[in-house]
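Asks: Questions regarding the structure given below will be posed in turn.
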Amino acid sequence: MSQQRKGDCIFYRRDDVQVASEDVASVFTWLKTWEIAAPLKAYSHLAKDEGTSEERDFTLQLIKDLRQPVYDSRAVWIRKCPASEQFLDAWREERDRCTCDGGCDLPFLRALWRVKPLILALPVSFIV
């Protein structure tokens, strides 16, 4: 996982993910308004298509409907503030309890629902 900082903002990116430098800079600017930014996964990919049946059931208990878009947590921008710090703690807890092998983004979605930070949904195309 790589990190890039600008002021009170940080960009987390998995090493196998590429984001255009212009897009990285733009999102840092947008974080003056937003607390978190992350691209969506494919527009046809919903929470009901993610993870194991156990993880989907656990997620369903919290969010009540799995017909929701899923964020791609391989590239996440965060502005330091109380909500984003609570979100990071919740995301860590959710990742630790996740039983999926590999890249499941249901923990990210559950953390969003628990904390409700102001999140900017970026287009799928942000990940090159």
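FYI, numbering that gives the first Met the number 0 numbers position 57 of the sequence shown as 56, with every residue one higher than the one before it. Note that CB positions come from ideal geometry on N, CA and C, so glycine has one too.
Using the C-alpha atoms, what's the distance from P116 back to E54?
Replies: Approximately 22 Å, taken between the alpha carbons.
Asks: Between H44, W112 and F86, which lies nearest to R78 when the distance is taken from Cα to Cα?
Replies: Taking only the C-alpha atoms, the option nearest R78 is F86.
Asks: Look at the Cβ atom of M0, then the Cβ atom of D14, and state whether they are nearer than 8 Å.
Replies: Their beta carbons are under 8 Å apart, which means M0 touches D14 by this criterion.
Asks: Among E49, R73, L30 and T28, which has the Cα closest to the Cα of C99?
Replies: Of E49, R73, L30 and T28, the residue nearest in Cα terms is E49.
Asks: On the three-state DSSP scale, how would you describe W29?
Replies: Note: W29 maps to helix in three-state DSSP.
Asks: Determine the closest residue to P122 out of E92, Y42, F27 and A110, with distance taken between C-alpha atoms.
Replies: Nearest of E92, Y42, F27 and A110 to P122, Cα basis: Y42.
Asks: Please classify S72 as buried or exposed, where buried requires at least 16 neighbouring CB atoms within 10 angstroms.
Replies: It is buried - the Cβ of S72 has at least 16 other Cβ atoms within 10 Å.
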